[in-house]
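Novice: Chains as they are written, first to last, in the numbering used here: chain W, 2 to 321; chain Y, 2 to 321. A virtual CB, placed ideally from N, CA and C, is assigned to each residue, including glycine. From a predicted model like this one, the values you see are computed outputs, not experimental measurements.
There are 2 protein chains.
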Amino acid sequence: MNEHSLPGFADVLAAAARIASHATVTPVLRSRELDGLAGASLHFKGEHLQRGGAFKFRGACNAVWSLDAEQAQRGVVTHSSGNHGAALALAARSRGIPCHVVVPEGAVATKLANIVRNGATLWRCAPNQAAREVECARVQRETGATLVHPYADAKVIAGQGTAALELVRQAGATLDVLVVPVGGGGLAAGTLLALQQLLPDCALVLAEPAGAADTARSLAAGERLLDFVPDTVCDGLRGALGAPNFELLNQRAEVITVDDVDTVTAMRRVWQVMKQVVEPSSAITLAAVLAQPERFAGRNVGLIFSGGNVDLDALPWGKE
Amino acid sequence: MNEHSLPGFADVLAAAARIASHATVTPVLRSRELDGLAGASLHFKGEHLQRGGAFKFRGACNAVWSLDAEQAQRGVVTHSSGNHGAALALAARSRGIPCHVVVPEGAVATKLANIVRNGATLWRCAPNQAAREVECARVQRETGATLVHPYADAKVIAGQGTAALELVRQAGATLDVLVVPVGGGGLAAGTLLALQQLLPDCALVLAEPAGAADTARSLAAGERLLDFVPDTVCDGLRGALGAPNFELLNQRAEVITVDDVDTVTAMRRVWQVMKQVVEPSSAITLAAVLAQPERFAGRNVGLIFSGGNVDLDALPWGKE
Numbered sequence: 002m003n004e005h006s007l008p009g010f011a012d013v014l015a016a017a018a019r020i021a022s023h024a025t026v027t028p029v030l031r032s033r034e035l036d037g038l039a040g041a042s043l044h045f046k047g048e049h050l051q052r053g054g055a056f057k058f059r060g061a062c063n064a065v066w067s068l069d070a071e072q073a074q075r076g077v078v079t080h081s082s083g084n085h086g087a088a089l090a091l092a093a094r095s096r097g098i099p100c101h102v103v104v105p106e107g108a109v110a111t112k113l114a115n116i117v118r119n120g121a122t123l124w125r126c127a128p129n130q131a132a133r134e135v136e137c138a139r140v141q142r143e144t145g146a147t148l149v150h151p152y153a154d155a156k157v158i159a160g161q162g163t164a165a166l167e168l169v170r171q172a173g174a175t176l177d178v179l180v181v182p183v184g185g186g187g188l189a190a191g192t193l194l195a196l197q198q199l200l201p202d203c204a205l206v207l208a209e210p211a212g213a214a215d216t217a218r219s220l221a222a223g224e225r226l227l228d229f230v231p232d233t234v235c236d237g238l239r240g241a242l243g244a245p246n247f248e249l250l251n252q253r254a255e256v257i258t259v260d261d262v263d264t265v266t267a268m269r270r271v272w273q274v275m276k277q278v279v280e281p282s283s284a285i286t287l288a289a290v291l292a293q294p295e296r297f298a299g300r301n302v303g304l305i306f307s308g309g310n311v312d313l314d315a316l317p318w319g320k321e
Numbered sequence: 002m003n004e005h006s007l008p009g010f011a012d013v014l015a016a017a018a019r020i021a022s023h024a025t026v027t028p029v030l031r032s033r034e035l036d037g038l039a040g041a042s043l044h045f046k047g048e049h050l051q052r053g054g055a056f057k058f059r060g061a062c063n064a065v066w067s068l069d070a071e072q073a074q075r076g077v078v079t080h081s082s083g084n085h086g087a088a089l090a091l092a093a094r095s096r097g098i099p100c101h102v103v104v105p106e107g108a109v110a111t112k113l114a115n116i117v118r119n120g121a122t123l124w125r126c127a128p129n130q131a132a133r134e135v136e137c138a139r140v141q142r143e144t145g146a147t148l149v150h151p152y153a154d155a156k157v158i159a160g161q162g163t164a165a166l167e168l169v170r171q172a173g174a175t176l177d178v179l180v181v182p183v184g185g186g187g188l189a190a191g192t193l194l195a196l197q198q199l200l201p202d203c204a205l206v207l208a209e210p211a212g213a214a215d216t217a218r219s220l221a222a223g224e225r226l227l228d229f230v231p232d233t234v235c236d237g238l239r240g241a242l243g244a245p246n247f248e249l250l251n252q253r254a255e256v257i258t259v260d261d262v263d264t265v266t267a268m269r270r271v272w273q274v275m276k277q278v279v280e281p282s283s284a285i286t287l288a289a290v291l292a293q294p295e296r297f298a299g300r301n302v303g304l305i306f307s308g309g310n311v312d313l314d315a316l317p318w319g320k321e
């Protein structure tokens, strides 16, 4: 497998072994109140409790520990609005190698602080895809660092698949459907790999912000439609679906698009009822379930809470 | 044992059996980041994840299920700024009996909503001890309901002791010191009963707001000093130390008083790092540990997070 080939289930298993001594086995959380509200049995995989505060550590850790000694020594580089950058920094530190992170202007302050605290070097760029890639290429050229793309990377996808691997083993019930957020599609594609093998009858539902619904449109069209300007409170879900991610997901997942107002309501509800600090990109999964009650009624539903890195000074529901 | 006698360890064990099918065995949470900050091994008992969002359900549930059939039928009544009221309502509902809650004007909106949602009847009174007691007595007289005092009650104290009982069994290490918040002293006294028997060498440290430090003064003086006007963000810790609570705790616990600014900083840190929504009355335990690093360095420290019922529209750190 190289970074351009598609990963498979074996790669997810290999990733699980590779990251076992670094990543946290996060708990599966339940809430009788939210079960009552949804009319379903909800199993929340708490990746906001993962190291670095998001599932991203799984993929980053798998990528970092897959490098040979010579590659590793030259370090890693990525561009990321936040969680992946912090995760890669943490993973690089776990191996004692350099990490460079290109961040767009306007990224969430809490997430930048996480990156810096984990010992990475920050490089700022304009908040668009082209600028990110140019700056990343420059750092690669000058340092020899290996690019670890946030989602369009086989090692990253395989690593993200380990969350569903754990969830299926932990849930204590056979899941009928699994709901995960989708941005670039790293978690979505990795989850698909785990489900296909472990629970082929379990449906995969992707929760996507209405203001960045390229995955819904791409899967409907059967081709990647990349021409969109993201407008959503879900700062982790603004990226465009990656090429390998599309290839894995095409015809194998459905998408529910969610308005930000419903995501924010769901997020507040999770804080209030479950006492868990999750970010909008996590809460969108619950919002998707609550938006289509007939779709989920009476089912065993898995939901992946992707992260909990929120700027506590800028909560989306304001202050009275 | 009646409501005026002092409970003992046997009563804590009996309470544990009585509430087992109703209360949640809450998890013990860890954080390597906070361990690093404190220079100690911190074991957080997550009572914010208890039913009703606070440890109060333990004591309320023990009291409700200790009533004989005839008493039970006439219901229960209490006065409470919030968490105990919600807990008693929930406990009463678990037995299918009426519940009346006298609440002072100015109580936290979220907590009142919890009480109402759990099916209790609310009675408002002026925000002082005398008014609460007068209103409570009236409801007792008119309904025949049994008073379940928030903390100065043997059944309640014994029930609250079950949290420490669980923590000692769950911690996976011998605790050197256990830090619990103190207001009226129900949790503190119950914890003492559990510790005395299970871990007699474990010190009990009470964390108390500097703006409501009657316990610190009372334990120093060897008598209850009740003349104070509480001024603290810890809305769960404004009550005065109860008589049986004082009797149990006197000469058997030390107190660390904590300024609200340190409690709020600790609360924010718990949200940010642990991703847990805890209320100020919970976070004060971490604040106490961080305020006296030399006292706790290198020790196994238990901390009870008492609750997580926060008004998300009025966070104490404001909005930038």
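Which residues of chain A have a Cβ atom closer than 7 Å to the Cβ of W:LYS276, listed in chain order?
Specialist: Annotation note: the requested chain A is absent from the structure, which comprises protein chains W and Y.
Novice: Could you pull the start and end residues of the beta strand (DSSP E) that W:ARG75 belongs to?
Specialist: W:ARG75 -> not in any beta strand (DSSP E); alpha helix (DSSP H) instead, spanning 70-75.
Novice: Just to confirm my understanding: we take W:ARG94, look at its own chain, exclude 5 residues before and 5 after, and list those with CB closer than 7 Å. What are they?
Specialist: ASN119, GLY120
Novice: List, in order along the chain, the chain W residues whose C-beta lies closer than 9 Å to that of Y:LEU7?
Specialist: One finds nothing in chain W with a Cβ atom closer than 9 Å to the Cβ of Y:LEU7; even the nearest lies about 33 Å away.
Novice: Starting from W:LEU38, find everything on chain Y with Cβ-Cβ shorter than 7 Å and list it in chain order.
Specialist: Residues of chain Y passing the Cβ test: none, with the nearest at roughly 12 Å.
Novice: Name, please, each residue of chain W whose Cβ falls closer than 8 Å to the Cβ of Y:LEU313.
Specialist: Per Cβ cutoff of 8 Å: ARG269, TRP272, GLN273, LEU316, TRP318.
Novice: Hey, could you find the ends of the alpha helix (DSSP H) Y:VAL104 is sitting in?
Specialist: Note, Y:VAL104: premise wrong, no alpha helix (DSSP H); beta strand (DSSP E) at 100-105.
Novice: Should the region 151-159 of chain W be called in touch with the region 234-245 of chain W, which here means at least 3 C-beta pairs below 8 Å?
Specialist: Contact between the region 151-159 of chain W and the region 234-245 of chain W is present: three or more C-beta pairs spanning the two stretches fall below 8 Å.
Novice: Output the boundary residues of the beta strand (DSSP E) element that contains Y:ASN84.
Specialist: No beta strand (DSSP E) holds Y:ASN84; the alpha helix (DSSP H) holding it covers 84-96.
Novice: Nearest CA to the CA of W:PRO210: which residue from W:ILE257, W:ARG269, W:GLU295?
Specialist: W:ILE257
Novice: State the CB to CB distance for the pair Y:THR111 and Y:ASP312, rounded to an integer number of angstroms; the pair is presumed to be in contact (CB under 8 Å).
Specialist: 5 Å
Novice: At the 9 Å Cβ level, is W:THR286 part of the contact set with chain Y, yes or no?
Specialist: no
Novice: Given that a residue counts as buried once 16 or more other Cβ atoms are within 10 Å of its Cβ, and exposed if not, what is Y:ASN129?
Specialist: By the 10 Å Cβ count, Y:ASN129 comes out exposed.
Novice: So, is Y:LEU176 buried or exposed, given that buried needs 16 or more other C-beta atoms within 10 angstroms?
Specialist: buried
Novice: For Y:THR111 and chain W, any beta-carbon pair shorter than 9 Å?
Specialist: yes
Novice: Looking at the secondary structure, which residues open and close the beta strand (DSSP E) in which Y:LYS156 lies?
Specialist: Here Y:LYS156 belongs to no beta strand (DSSP E); instead the alpha helix (DSSP H) covers 155-171.
Novice: If I measure Cβ to Cβ from Y:GLU322 and keep anything under 6 Å in the same chain, skipping five residues before and after, which residues do I get?
Specialist: The shown model of chain Y, from 2 to 321, leaves out residue 322 of chain Y, and the question about it has no answer.
Novice: How big is the Cα-Cα spacing for Y:PRO317 and Y:GLU280?
Specialist: The straight-line gap from Cα to Cα measures roughly 10 Å.
Novice: For a test of the three-state rule: what should DSSP assign to Y:GLU321, helix, strand or coil?
Specialist: Here the model assigns Y:GLU321 a pLDDT of 39, short of 50, so the residue's position is not dependable and the matter cannot be decided.
Novice: Starting from Y:LEU304, trace the beta strand (DSSP E) in both directions and tell me its first and last residue.
Specialist: 301-306
Novice: For Y:PRO281, which of helix, strand or coil comes out of DSSP?
Specialist: helix
Novice: According to the neighbour-count rule (16 or more other Cβ atoms, all chains shown, within 10 Å of its Cβ), is Y:LEU227 buried or exposed?
Specialist: exposed
Novice: Closer than 8 Å by C-beta to Y:ARG345: which residues in its own chain qualify, once you throw out the five before and the five after it? Chain order, please.
Specialist: Nothing about residue 345 of chain Y can be read from this structure; chain Y reaches only from 2 to 321.
Novice: Nearest-angstrom Cα distance between W:GLU143 and W:ARG75?
Specialist: Approximately 10 Å between the Cα atoms of the pair.
Novice: Considering only residues of the region 176-218 of chain Y, which uninterrupted beta strand (DSSP E) runs meet the minimum length of 3 residues and lie entirely inside it, listed in chain order?
Specialist: 178-182, 204-210
Novice: So with Cβ pairs under 9 Å, would you call Y:PRO281 a contact of chain W?
Specialist: Not an interface residue.
Novice: Buried or exposed, going by whether 16 or more other CB atoms sit within 10 Å of the CB of W:GLN277?
Specialist: With 16 or more Cβ atoms within 10 Å of its Cβ, W:GLN277 is classed as buried.
Novice: Counting beta carbon pairs with one atom in the region 281-299 of chain W and one in the region 21-29 of chain W, are three or more of them shorter than 8 Å?
Specialist: no
Novice: Do W:ALA64 and W:ALA92 have their C-beta atoms closer together than 9 Å?
Specialist: yes
Novice: Have a look at Y:GLY40 and Y:VAL302 and give me their C-alpha separation to the nearest angstrom.
Specialist: So the alpha carbons of these two residues sit roughly 11 Å apart.
Novice: Going by alpha carbons, who is nearest to W:VAL180 out of W:VAL206, W:GLU167, W:LEU193?
Specialist: W:VAL206
Novice: Tell me, to the nearest whole angstrom, how far the beta carbon of Y:VAL274 is from that of Y:GLU34; I am working on the premise that it is less than 8 Å.
Specialist: 5 Å
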